[in-house]
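J.:
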Amino acid sequence: MSLATTPRFAHNTLQGGIRLIQQKLYRFALEHRPMVDRLVEAFAQVSLDEDDPEGEEAEATTAVAEDDRLSFAAQRGLSLSDTKIQSWKEAWIRKQMQTRESEFTQTEPLSVAIGTYNVNGRRPVDEHGPVDLSPWVAQDDPADLYVFGFQELDLSKEAFVFSDTKREEEWSEALAKALPRSERYVRGNKGGVAISLTIKDTDICFVATHLAAHDDAVARRNQAQHDYLFWLGDLNYRIDAPYASVRQWVEQQNMEELIKNDQLKAQQTAGLAFVRFKEPPIEFMPTYKFDPGTDTWDTSEKQRTPSYTDRILYYEPDEGQRSSVNKVANIEYTSVPELRVSDHKPVRARFLIQVASVIADKYREIYVSVLRQLDALENSTMPTIEVDTQQFDFGECKFGFNKSQSLTIRNTGPVAASFDIVTDHLETGTLPKWLLVDGGANVILQGQEAKLRFTVRISVDAAADLNVGKDAIHVILILRVKNGKDFFITIGGTYVPTFLARTLEDLTYLNVPARQHPLEPIVRKEAGMHVPKEIWLLVNRLLKDGLNNTSLFYIQGKPEEVDSIIEALDTTLELPPDISIEAVATTLLHVLNSLSEPVIPRQLYQRCMECAHAPMLCQQLVAELPAPSRYTFEYVMALLREIIASHEKKQSVINIFAAMFAPILLKSPRSGSVRNRNSVMGECVIGFVRP
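Going by the UniProt record's numbering, the sequence shown opens with residue 1, and the numbers climb by one from there.
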């Protein structure tokens with residue numbers, strides 16, 4: 001990525017962070033700019049080459065986690081954090097300062113030229129000699145700031161090892177010839193580049209990336225740190241339509257159909273990628289894929305569908321976070337079809353933004369005025385909120401299923417309201433194991449509302465207490481408003497008993513379906529079974545119908561079938577007759593993994609680690625296990641031996657089964673290396689499953 005500035009802005013400090021990101025590891029599909037800010041902070045190395053050897057006018061610095069000078073956006077409160085703001089006063093002050101921002105700032109226009117070009121590893125030459133990049137740079141009307149991003153400068157293996165390559169130098173020289181000669185430029189060569197710079201009191205960030213095709217991962221962060229953010233590069237989004245249709249639309253210059261089927265537009269509309277990013281109207285043909293050196297669409301065997309892979313976007317905050325002085329005006333957005341070196345066409349854009357300067361005296365004057373307003377409000381008002389309900393009934397709640405409901409809180413008073421959920425009155429002093437509360441910000445400005453989401457999630461730990469009556473799905477929480485009144489929120493539901501999340505010993509004494517047993521400890525009067533009936537039924541079905549199925553445990557059963565098996569075991573202690581054998585195998589893994597105490601008790605974890613490599617010691621350890629654990633372990637191992645015997649590549653299957661069952665049969669006290677634990681336990685399992 002290359003960046004250039006004119007002298008009148010060159011005195012501003014360039015704060016950049018650049019780090020090598022291998023092309024094959026790109027997994028960016030971004031929702032909004034806070035992710036970029038965290039990315040810039042995380043970049044630990046800088047590789048910037050300056051045309052200015054003295055480096056006095058454009059200083060490149062390593063990105064740091066904390067800057068002595070807060071960004072102008074943070075100073076002015078242009079965005080409120082999505083995380084909890086402990087002081088409603090701070091939130092109110094920021095909002096007021098944002099509203100009056102134009103009173104203490106002065107702005108001037110700055111023209112920004114941005115370009116992106118995937119050069120497909122080609123050199124900047126054609127049959128006529130060196131390629132002239134002037135049509136891309138468009139210097140008839142010089143900009144104040146130039147930003148150019150290249151992708152695939154060098155596709156050789158050496159490019160993944162060395163920071164600088166000959167191909168990069170060739171393109172840098174070609175670009176320098178096309179740019180205004182009297183200016184100074186800064187450039188960096190990395191897989192992905194993020195550059196943050198400050199002009200006047202305005203922070204601007206540029207990100208140039210080459211994203212992986214069809215990557216839809218979404219990165220989310222909480223706090224914006226820049227006034228402007230531009231994203232450029234080969235984003236690899238395609239036109240989602242048959243090749244013939246796209247070619248026809250291209251020939252007809254049917255822009256409406258091309259844009260309607262563009263994947264990036266669809267992802268943005270669905271809120272799945274680049275949320276709150278805007279793109280200027282596309283009025284040019286797709287920029288990919290061409291036969292290099294021509295204007296002919298791809299004639300190779302793959303015959304790639306023409307697509308808009310090369311894009312330039314800019315971030316636009318929510319209306320409530322939008323600054324009155326930070327405005328983006330698009331002047332141009334086009335491709336440059338006359339450059340034919342690559343299988344892509346370059347794209348360029350021109351924007352006009354406003355850079356602001358803070359008038360310090362005026363800022364202090366207005367700040368003092370806002371503080372006086374706040375004092376007057378505090379003396380004459382109290383926070384007031386309303387809630388839409390104080391009762392939540394979640395109905396039937398089953399193990400492994402989540403249910404969520406929301407509480408709407410509206411600020412009906414004249415001042416901001418700060419609230420919190422209080423649990424000090426509860427016996428444990430914390431939320432129940434089965435309840436999650438997600439509220440985001442705990443400050444509501446005047447006339448606005450917030451939502452609290454309550455989620456009932458029955459985990460193994462929660463179900464273990466619910467099964468025996470140590471807990472119930474019922475709690476009263478206190479919604480406390482600072483300097484206001486309390487609201488009592490009742491959350492309730494009906495727990496559905498299950499044989500899951502119990503100990504093996506309890507299951508051997510459970511002589512009725514779990515749904516019929518009261519929510520109380522199991523009484524151990526008569527002799528229990530050697531193996532819990534639920535596990536016995538599953539293993540017996542696998543021994544009967546699954547030994548000739550070579551994909552057993554390799555292919556997961558359908559979730560709905562697994563649910564029906566568990567429901568049948570909970571209610572009738574029988575298996576459904578027409579269930580798939582893959583679902584039975586998946587259910588067995590789920591049952592073993594859901595035990596409140598693993599097959600090999602946790603107190604034997606260290607001893608198991610010490611003897612796992614000695615088969616005789618492993619056998620001795622298993623012999624000393626509590627009876628339900630020993631019988632269950634041996635029963636499962638016998639099943640695996642029978643399955644392995646039917647496979648030709650026995651050692652491969654043994655290793656796979658060992659890796660699959662080790663983390664289920666033995667679980668550490670939540671410390672140490674999980675990988676090491678599974679590896680050691682796998683050795684123990686291997687000793688028992690060899691035919």
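Glycine included, C-beta positions come from ideal geometry on N, C-alpha and C.
Should the segment 458-469 be regarded as contacting the segment 573-590, the criterion being three or more beta carbon pairs within less than 8 Å?
T.: Short answer: they don't touch.
J.: Taking the beta carbon of F633 as the centre, do at least 16 other beta carbons fall within 10 Å, making it buried, or is it exposed?
T.: Here the question's residue 633 lines up with position 633 in the sequence shown. Classification for F633: buried.
J.: Taking Cβ to Cβ, would you say L573 is nearer than 8 Å to I565?
T.: Stepping through the sequence shown from its first residue, residue 573 is reached at position 573. Stepping through the sequence shown from its first residue, residue 565 is reached at position 565. Result no, Cβ atoms of L573 and I565 do not sit closer than 8 Å.
J.: Hey, A349 and T107: beta-carbon distance below 8 Å or not?
T.: Counted from its first residue, the sequence shown places residue 349 at position 349. Counted from its first residue, the sequence shown places residue 107 at position 107. No, Cβ-Cβ distance for A349 and T107 is not below 8 Å.
J.: In three-state DSSP terms, what is Y509?
T.: In the sequence shown, counting from the first residue as 1, residue 509 sits at position 509. In this structure, Y509 counts as helix in the three-state DSSP scheme.
J.: Quick one: measure Cβ to Cβ for I409 and V443, integer angstroms, because I've assumed they're closer than 8 Å.
T.: As a first step, residue 409 must be located in the sequence shown, where it is residue number 409. As a first step, residue 443 must be located in the sequence shown, where it is residue number 443. In fact, because the Cβ distance is near 11 Å, the residues do not count as touching under 8 Å.
J.: Nearest CA to the CA of E526: which residue from D506, V539, I535 and E103?
T.: Within the sequence shown, numbered from 1, the residue matching residue 526 stands at position 526. Closest by alpha carbon: D506.
J.: Just the C-alpha distance for A29 and L452, rounded to the nearest angstrom, thanks.
T.: In the sequence shown, residue 29 corresponds to position 29, counting from 1. In the sequence shown, residue 452 corresponds to position 452, counting from 1. The pLDDT assigned to A29 is 32, lower than 50, so where the model puts this residue is not dependable, and the model offers no usable value.
J.: Could you tell me whether the Cβ atoms of L537 and I522 are closer together than 8 Å?
T.: Locating residue 537 in the sequence shown gives position 537, counting from the first residue. Locating residue 522 in the sequence shown gives position 522, counting from the first residue. For L537 and I522, no; Cβs fall outside 8 Å.
J.: Straight-line CA distance for K89 to A450?
T.: The sequence position of residue 89 within the sequence shown is 89, counting from 1. The sequence position of residue 450 within the sequence shown is 450, counting from 1. Cα to Cα, the separation comes out at about 17 Å.
J.: If we ignore side chains and look at the alpha-carbon of each, how far apart do T428 and T503 end up?
T.: By one-based count along the sequence shown, residue 428 stands at place 428. By one-based count along the sequence shown, residue 503 stands at place 503. Looking at the two C-alpha atoms, the distance is approximately 24 Å.
J.: How do the segment 308-317 and the segment 260-276 stand: do at least 3 beta-carbon pairs fall below 8 Å, yes or no?
T.: Verdict: yes, contact present.
J.: Do three or more CB pairs link the segment 480-499 to the segment 395-414 at distances below 8 Å?
T.: Touching, per the Cβ criterion.
J.: Just verifying my parser: in three-state terms, what is the DSSP assignment at Y333?
T.: In the sequence shown, counting from the first residue as 1, residue 333 sits at position 333. Three-state result, Y333: strand.
J.: Three-state secondary structure (DSSP) at D545?
T.: Here residue 545 refers to the residue found at position 545 of the sequence shown. Three-state DSSP puts D545 in a helix.
J.: According to the neighbour-count rule (16 or more other Cβ atoms, all chains shown, within 10 Å of its Cβ), is K289 buried or exposed?
T.: The sequence position of residue 289 within the sequence shown is 289, counting from 1. With 16 or more Cβ atoms within 10 Å of its Cβ, K289 is classed as buried.
J.: In the DSSP assignment, find the alpha helix (DSSP H) that holds N254 and state where it starts and stops.
T.: The count along the sequence shown starts at 1 and reaches residue 254 at position 254. First-last for N254: undefined, no H or E at that position.
J.: Can you give me the Cβ contacts of F206 inside the same chain, cut-off strictly under 6 Å, excluding the 5 residues immediately before and after it?
T.: Here the question's residue 206 lines up with position 206 in the sequence shown. Hits under 6 Å: V147, I195 and F230.
J.: Quick one, are the C-beta atoms of V325 and T99 less than 8 Å apart?
T.: Taking the sequence shown and counting its residues from 1, one reaches residue 325 at position 325. Taking the sequence shown and counting its residues from 1, one reaches residue 99 at position 99. Their beta carbons are not under 8 Å apart, which means V325 does not touch T99 by this criterion.
J.: For C397, which residues does DSSP report across the bridge?
T.: Within the sequence shown, the letter at position 397 stands for residue 397. Answer is Y495.
J.: Tell me whether I199 sits in a helix, a strand or coil according to DSSP, three-state version.
T.: Position 199 of the sequence shown, counting from 1, holds the residue named residue 199. Correct three-state label for I199: strand.
J.: How big is the Cα-Cα spacing for M382 and V368?
T.: Along the sequence shown, read from residue 1 onward, the residue named residue 382 stands at position 382. Along the sequence shown, read from residue 1 onward, the residue named residue 368 stands at position 368. Those two C-alpha atoms are separated by around 22 Å.
J.: Below 8 Å, how does it come out for the segment 356-365 and the segment 336-343: are there three or more Cβ pairs, yes or no?
T.: Contact fails: fewer than three Cβ-Cβ distances are below 8 Å.
J.: When DSSP builds the beta bridges, which residues end up paired with P130?
T.: For the purposes of this step, residue 130 is taken as the residue at position 130 of the sequence shown. P130 is bridged to V125.
J.: Within 10 Å of its beta-carbon, does I385 have 16 or more other beta-carbons around it, so buried, or fewer, so exposed?
T.: By 1-based counting over the sequence shown, the position of residue 385 is 385. Looking at its Cβ environment, which holds 16 or more other Cβ atoms inside 10 Å, I385 is buried.
J.: Are there 16 or more other CB atoms within 10 angstroms of the CB of P559, so buried, or fewer, so exposed?
T.: On the sequence shown, position 559 is the one that residue 559 refers to. Exposed, by the Cβ-count rule.
J.: Please work out which residues of its chain come closer than 6 Å, Cβ to Cβ, to D465, disregarding the five sequence neighbours upstream and downstream, and give them in chain order.
T.: The residue labelled residue 465 in the question sits at position 465 within the sequence shown. For D465, where only same-chain residues beyond five positions count, the Cβ hits under 6 Å are D471.
J.: Can you tell me whether DSSP reads Q606 as helix, strand or coil?
T.: Sequence index remark: in the sequence shown, residue 606 carries index 606 (1-based). Q606: helix per DSSP, three-state reduction.
J.: With burial defined as no fewer than 16 other Cβ atoms inside 10 Å of the residue's Cβ, what is the status of A416: buried or exposed?
T.: Translated into positions along the sequence shown, residue 416 becomes position 416. When all chains shown are included, A416 counts as buried.
J.: Confirm, please, whether the CB-CB distance from L445 to K95 is below 8 Å.
T.: By 1-based counting over the sequence shown, the position of residue 95 is 95. By 1-based counting over the sequence shown, the position of residue 445 is 445. Taking 8 Å as the Cβ cut-off, K95 and L445 qualify as a contacting pair.
J.: Let me know the secondary structure DSSP gives V341 once reduced to three states.
T.: Against the sequence shown, residue 341 aligns to sequence position 341. Note: V341 maps to coil in three-state DSSP.
J.: In angstroms, rounded to a whole number, what distance separates the CA positions of T571 and L500?
T.: The residue you call residue 571 lines up with position 571 of the sequence shown. The residue you call residue 500 lines up with position 500 of the sequence shown. Cα-Cα distance, rounded: 13 Å.
J.: Less than 8 Å between the CB atoms is what I'm expecting for H517 and P497, so what's the real figure, rounded?
T.: Numbered from 1 along the sequence shown, position 517 holds the residue referred to as residue 517. Numbered from 1 along the sequence shown, position 497 holds the residue referred to as residue 497. Yes, H517 and P497 are in contact; Cβ-Cβ is about 6 Å, under 8 Å.
J.: Do you know whose CA, among H128, L133 and K327, lies nearest S111's CA?
T.: Sequence index remark: in the sequence shown, residue 111 carries index 111 (1-based). Taking only the C-alpha atoms, the option nearest S111 is K327.
J.: Just how far apart, CA to CA, sit P669 and Q405?
T.: To locate residue 669, count along the sequence shown from 1; it is residue 669. To locate residue 405, count along the sequence shown from 1; it is residue 405. Computed Cα separation, rounded: 34 Å.
J.: What residue range does the alpha helix (DSSP H) around residue 715 cover?
T.: No answer is possible for residue 715: it lies beyond the span of the chain, which begins at 1 and ends at 691.
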